[in-house]
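Participant: First the structure, then my questions, so here it is.
There are 2 protein chains.
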Amino acid sequence: MSPRPPREAPAAPTIVDVARAAGVSKGLVSLAINDRPGVSEATRLRVLEVADRLGWRPSLPARTLSTSRTYALGLVLRRDLRIVAADPFYPAFMAGIETVLTDEGRVLVLSVVGSAEAEERAYRTFAADRRVDGAFLNDLRHDDHRVDLLRELGIPAVLVGRPDGPAPFPSVVLDDAPGVTAAVHHLVDLGHRAIAHVGGDPALLHARHRRRAFEDAVAARGLVPTAVVDTDFSMAQGASATAALLAGRTRPTAIVYANDPMAIAGLGVLQEAGTQVPDAMSVVGFDGTEMARHTHPPLTTVRSDPQEWGAAAARTLLALTTSGSAASVELPPAQLVVARSTGPAPGPTD
Amino acid sequence: MSPRPPREAPAAPTIVDVARAAGVSKGLVSLAINDRPGVSEATRLRVLEVADRLGWRPSLPARTLSTSRTYALGLVLRRDLRIVAADPFYPAFMAGIETVLTDEGRVLVLSVVGSAEAEERAYRTFAADRRVDGAFLNDLRHDDHRVDLLRELGIPAVLVGRPDGPAPFPSVVLDDAPGVTAAVHHLVDLGHRAIAHVGGDPALLHARHRRRAFEDAVAARGLVPTAVVDTDFSMAQGASATAALLAGRTRPTAIVYANDPMAIAGLGVLQEAGTQVPDAMSVVGFDGTEMARHTHPPLTTVRSDPQEWGAAAARTLLALTTSGSAASVELPPAQLVVARSTGPAPGPTD
DNA sequence: CGTTGCGACTAAACCGGTTCAGTTGAACTG
DNA sequence: CAGTTCAACTGAACCGGTTTAGTCGCAACG
Chain A
1 MSPRPPREAP AAPTIVDVAR AAGVSKGLVS LAINDRPGVS EATRLRVLEV
51 ADRLGWRPSL PARTLSTSRT YALGLVLRRD LRIVAADPFY PAFMAGIETV
101 LTDEGRVLVL SVVGSAEAEE RAYRTFAADR RVDGAFLNDL RHDDHRVDLL
151 RELGIPAVLV GRPDGPAPFP SVVLDDAPGV TAAVHHLVDL GHRAIAHVGG
201 DPALLHARHR RRAFEDAVAA RGLVPTAVVD TDFSMAQGAS ATAALLAGRT
251 RPTAIVYAND PMAIAGLGVL QEAGTQVPDA MSVVGFDGTE MARHTHPPLT
301 TVRSDPQEWG AAAARTLLAL TTSGSAASVE LPPAQLVVAR STGPAPGPTD
Chain B
1001 MSPRPPREAP AAPTIVDVAR AAGVSKGLVS LAINDRPGVS EATRLRVLEV
1051 ADRLGWRPSL PARTLSTSRT YALGLVLRRD LRIVAADPFY PAFMAGIETV
1101 LTDEGRVLVL SVVGSAEAEE RAYRTFAADR RVDGAFLNDL RHDDHRVDLL
1151 RELGIPAVLV GRPDGPAPFP SVVLDDAPGV TAAVHHLVDL GHRAIAHVGG
1201 DPALLHARHR RRAFEDAVAA RGLVPTAVVD TDFSMAQGAS ATAALLAGRT
1251 RPTAIVYAND PMAIAGLGVL QEAGTQVPDA MSVVGFDGTE MARHTHPPLT
1301 TVRSDPQEWG AAAARTLLAL TTSGSAASVE LPPAQLVVAR STGPAPGPTD
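These protein sequence lines are chains A and B, in that order. The first sequence finishes on residue 350 if you use my numbering, and the numbering steps up by one all the way, no holes. The second sequence finishes on residue 1350 if you use my numbering, and the numbering steps up by one all the way, no holes.
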């Protein structure tokens, strides 16, 4: 009969039920549960007790309507699926966010998109629908127009990574450079003179930072990179870049990759080609993923901490949305983790 | 001065602004934009035109308050971080969900938790806060109490996988068995007689299904499994299980793993031990991930389609939340993809 | 020509909270 | 003892939509 039968449970109590049961006005219930002044301690306790007894939970939509706070934060992922699926960064990053949000009664609203247009639409929808109190801004780009977009939409944001200019939002930075630098020094110390870099997507700032750190470190040791190849961070391009390096006229003795998946794909190509790792070629990854520990040989890599990064970003964004301002955060930098995919440079054939 | 300055943009127009500008009552605006009867075509067009001109978007919180529909779906991930991060299933699954939700103006609310208690809390919070219209139920277990929980909470759900009994919710199934069966036949056809299985977490139904399919297929060929080892799906346990199989008294000539990450970890262990793949040992994964294509040797694996799975689940859940009912869906089953990690069984030493 | 029926539209209640201007009564002040 | 002050509390407006009872004008009907 009734067009939409109540799902199952008896109708949930509302604030008026609580008010009636406690013998006070609903306004006072609101004050009491929100710990605002103007409520006697005795009454506050009574209200809380009654609310608890009735199992009342304030309606979030109603609260949102009057306060325009959603208690939700937004994350938009724009990435080719092939990359998202292989990249362990995001699951760990999101898990880190959740560790913070869950405790604060917040929730993460996720949007996965494939194109720049869809990404912009996602942010605009967040704003138009008042879905979120703030948003994470990942995978920063040069002159990233999303910064202006979010400012214009009035969505507070936190930048995940170091922006390449002054920005109206706080940033949470985990410096890639020291790890990459250490990796290069490690290789040079092992006698390598011909080192190549398989970089990531140059549109992304962190790919540039890694590349820059690589080039600077090589130069600091008085060397010149044997080659630097840009990719899209995918295993496929990591593999083809490796093949290209093998086929090139000056073959490197060591390759530094911009992420672990590409390093693993590279490892595959090298082994298929019969190139011994690390005897004939040293390989360095980037991320410090679980996977790197289980390859053959285990991967020397640069470990960052995506989970802590996510947690720090969430804390910062939370502070920003509640207090209106938040300081930028600098996390401990990425660190080199030496395993068995790197070894002494092969001696000249004699 | 003002305690909370308006973020930036001028105050967004509301339905009354539109009503005033169109010279009608706000009730009529509501009827017009929701395509309900009782509005003349001329008026409807005028209202839509005015709404568009003012850039009005109905407030979702307000709409939610009166209709108690949130236009959001919930996904709770309970998994050890080590597994989530290495497992490409979820990113692809979520991307599949998003392809459907985005077009429908829906949004995905994500919760990543580490324990069963936290998981239950997450669902209860979804219900208490009226955060979502429905939820996905992944990683089904035997006698899964979450089914009752969701029913009791009144949250419509869709089961991702085949439940092990009658369930009050529709399910979206992608059958693992045919792929695993094909893998076993493939190995037996190659002459293997000693085949082992490194299974997943036996608490999860899909791990059981894969194990069962393995055992049945082996039996169907008149053989007995050399060994069946349970794990938690992590690379670490995939590696240690492989090491144990190598050290066992009857060493298999082929191993079928319950997911690709474990197979890859297994590859690493085998190669570290000097066991040639596939000459001395054949290896089969499960998932058909990008990663499997880039190992050395490329992995024979069983491909499922997590993205399509996510999309189908989203369509089903959407139908369930809007029309109140939805039929279960059976997707094309998982399929064997033969690569170079499987080969003829090693002949007896002669 | 009075009634009925109907499409188009309005006004007001409603969803469930928050917020704020007032009211009340008791304690304090001079 | 009248006047002031203040904590505690109430009532009503408000957030921005949806929904429904009811009004109005007009055409069709007997």
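Ideal Cβ positions, reconstructed from N, Cα and C, are used throughout, including at glycine.
What's the C-alpha gap between Met1(A) and Ser1323(B)?
Facilitator: Because Met1(A) sits at a pLDDT of 33, beneath the cut-off of 50, its placement in the model cannot be relied upon, and the following sentence gives the value as read from the coordinates. Between Met1(A) and Ser1323(B), the C-alpha separation is close to 15 angstroms.
Participant: For Tyr1123(B), go through chain A and note every residue whose CB falls closer than 7 angstroms to its CB, in chain order.
Facilitator: Neighbours of Tyr1123(B) on chain A: none; closest Cβ ~12 angstroms, over 7 angstroms.
Participant: Considering only the alpha carbon of each residue, which of Gln1335(B), Leu1320(B) and Leu1336(B) lies closest to Val1329(B)?
Facilitator: Ranking the options by Cα distance to Val1329(B), first place goes to Leu1320(B).
Participant: Using a Cβ cut-off of 9 angstroms (strictly closer), state whether His145(A) contacts chain B.
Facilitator: Not closer than 9 angstroms to any Cβ of chain B, the Cβ of His145(A) fails to qualify, so no.
Participant: I need the straight-line Cα distance from Arg1221(B) to Glu1308(B), nearest angstrom please.
Facilitator: Using only the alpha carbons, I get a separation of about 32 angstroms.
Participant: Cutting at 8 angstroms between CB atoms, please list the residues of its own chain near Arg1141(B), excluding the five before and the five after it.
Facilitator: These residues qualify, in order along the chain: Ala1203, Leu1204 and Leu1205.
Participant: Please confirm whether Arg293(A) has its beta-carbon closer than 9 angstroms to some beta-carbon of chain B.
Facilitator: It does: the Cβ of Arg293(A) has a partner Cβ on chain B nearer than 9 angstroms.
Participant: So Pro1037(B) contacts chain A; which residues on that side make the cut at Cβ distance below 9 angstroms?
Facilitator: Under the 9 angstroms cutoff, chain A gives no residues; its nearest Cβ is about 15 angstroms from Pro1037(B).
Participant: Here's a check: name, in chain order, each residue in its chain whose Cβ is nearer than 8 angstroms to the Cβ of Pro1005(B), leaving out the five neighbours to either side.
Facilitator: Annotation note: pLDDT 37 at Pro1005(B) (below 50); position unreliable, coordinate value reported separately. If we look at Pro1005(B) and ignore the five residues flanking it on each side, it has no Cβ neighbours.
Participant: Please compile the residues from chain B whose C-beta is within a distance smaller than 7 angstroms of the C-beta of Arg46(A).
Facilitator: Neighbours of Arg46(A) on chain B: none; closest Cβ ~22 angstroms, over 7 angstroms.
Participant: Could you tell me whether the Cβ atoms of Asp1144(B) and Pro1163(B) are closer together than 9 angstroms?
Facilitator: Yes. Within cutoff.
Participant: Does at least one heavy atom of the ligand COA sit under 8 angstroms from the Cβ of Ala1086(B)?
Facilitator: No copy of the ligand COA occurs in the structure displayed, which carries no ligand at all.
Participant: Starting from the beta carbon of Ala203(A), find every residue of chain B whose beta carbon is closer than 7 angstroms, and list them in chain order.
Facilitator: In chain order: nothing, as chain B lies at least about 20 angstroms away.
Participant: Can you tell which of Leu267(A), Tyr90(A) and Ala241(A) has its C-alpha closest to the C-alpha of Gly285(A)?
Facilitator: Per the Cα distances, Leu267(A).
Participant: Quick one: using the 10 Å Cβ neighbour count with 16 as the cut-off for buried, is Asn34(A) buried or exposed?
Facilitator: Exposed, since its Cβ has fewer than 16 Cβ neighbours within 10 Å.
Participant: Step through the CB atoms of chain B and report whether any lies within less than 9 angstroms of the CB of His296(A).
Facilitator: With 9 angstroms as the cut-off, His296(A) counts as an interface residue toward chain B.
Participant: Count the other C-beta atoms from every protein chain shown that fall within 10 angstroms of the C-beta of Gly1347(B), then say buried if there are 16 or more, exposed otherwise.
Facilitator: Classification for Gly1347(B): exposed.
Participant: Suppose you measure from the CA of Glu1152(B) to the CA of Pro1168(B); what does that come to, to the nearest Å?
Facilitator: Taking the straight line joining both Cα atoms gives about 11 angstroms.
Participant: Can you give me, in chain order, the residues of the stretch 47–74 of chain A that have a beta carbon less than 7 angstroms from any beta carbon in chain B?
Facilitator: Hits within the stretch, in order: Arg57, Ser59, Leu60, Pro61, Ala62, Thr64 and Leu65.
Participant: Would the stretch 267–276 of chain A count as touching the stretch 233–243 of chain A if we require 3 or more Cβ pairs under 8 angstroms?
Facilitator: The stretch 267–276 of chain A, when compared against the stretch 233–243 of chain A, does touch it at the 8 angstroms Cβ threshold.
Participant: Given Ala1051(B), which residues of its chain have a CB within under 7 angstroms of its CB, disregarding the five upstream and five downstream residues?
Facilitator: So the list reads Val1018 and Ile1033, once near-sequence residues are dropped.
Participant: Measure from the alpha carbon of Pro333(A) to the alpha carbon of each residue in Met94(A), Ser304(A) and Gly114(A), then state which is nearest.
Facilitator: Nearest C-alpha to Pro333(A): Ser304(A).
Participant: Under 9 angstroms, Cβ to Cβ, is there at least one residue of chain A near Ile1264(B)?
Facilitator: Answer yes: the Cβ-Cβ gap between Ile1264(B) and chain A drops below 9 angstroms somewhere.
Participant: Straight-line CA distance for Val113(A) to Glu1098(B)?
Facilitator: Near 8 angstroms, if we compare the C-alpha coordinates of Glu1098(B) and Val113(A).
Participant: Kindly give me the distance between the Cβ atoms of Lys1026(B) and Val1039(B), rounded to whole angstroms, as I take these residues to be in contact under 8 angstroms.
Facilitator: The Cβ separation is near 13 angstroms, so there is no contact.
Participant: What are the start and end residues of each continuous beta strand (DSSP E) run of 3 or more residues lying completely inside the stretch 1172–1211 of chain B, in chain order?
Facilitator: If we require 3 residues or more, the beta strand (DSSP E) runs fully inside the stretch 1172–1211 of chain B come out as 1195–1198.
Participant: Three or more C-beta pairs closer than 8 angstroms, one from the stretch 1176–1187 of chain B and one from the stretch 1243–1262 of chain B: is that the case here?
Facilitator: Yes, the stretch 1176–1187 of chain B touches the stretch 1243–1262 of chain B.
Participant: So which residues on chain B does Asp103(A) lean against when the C-beta distance must stay under 8 angstroms?
Facilitator: Those within 8 angstroms of Asp103(A) in chain B number zero; the least Cβ separation is about 10 angstroms.
Participant: So Gly1268(B) contacts chain A; which residues on that side make the cut at Cβ distance below 7 angstroms?
Facilitator: Chain A residues near Gly1268(B): His294, Thr295 and His296.
Participant: Residues in its own chain within less than 6 angstroms of Pro976(B) by CB, not counting five upstream and five downstream?
Facilitator: Because chain B is modelled from 1001 through 1350, residue 976(B) falls outside the range shown and cannot be assessed.
Participant: How long is the line joining the alpha carbons of Val1218(B) and Val1173(B), rounded to whole angstroms?
Facilitator: Answer to the nearest angstrom: the Cα atoms are 24 angstroms apart.
Participant: So does the stretch 1194–1201 of chain B actually touch the stretch 1223–1235 of chain B, counting three or more Cβ pairs closer than 8 angstroms?
Facilitator: Output reads yes: the stretch 1223–1235 of chain B touches the stretch 1194–1201 of chain B.
Participant: For Thr125(A), name the three-state secondary structure that DSSP assigns.
Facilitator: Note: Thr125(A) maps to helix in three-state DSSP.
Participant: In its own chain, which residues sit with a C-beta less than 8 angstroms from the C-beta of Thr64(A), not counting the 5 before and 5 after it?
Facilitator: So the qualifying residues of the chain are Thr70, Tyr71 and Arg130.
Participant: Taking only three categories from DSSP, how would you classify Val150(A)?
Facilitator: According to the sequence as given, residue 150(A) is Leu; it is not Val. Of the three classes helix, strand and coil, the one that applies to Leu150(A) here is helix, per DSSP.
Participant: Taking the C-alpha atoms as reference points, what is the distance between Asp1148(B) and Ser1111(B)?
Facilitator: Roughly 19 angstroms between the two C-alpha positions.
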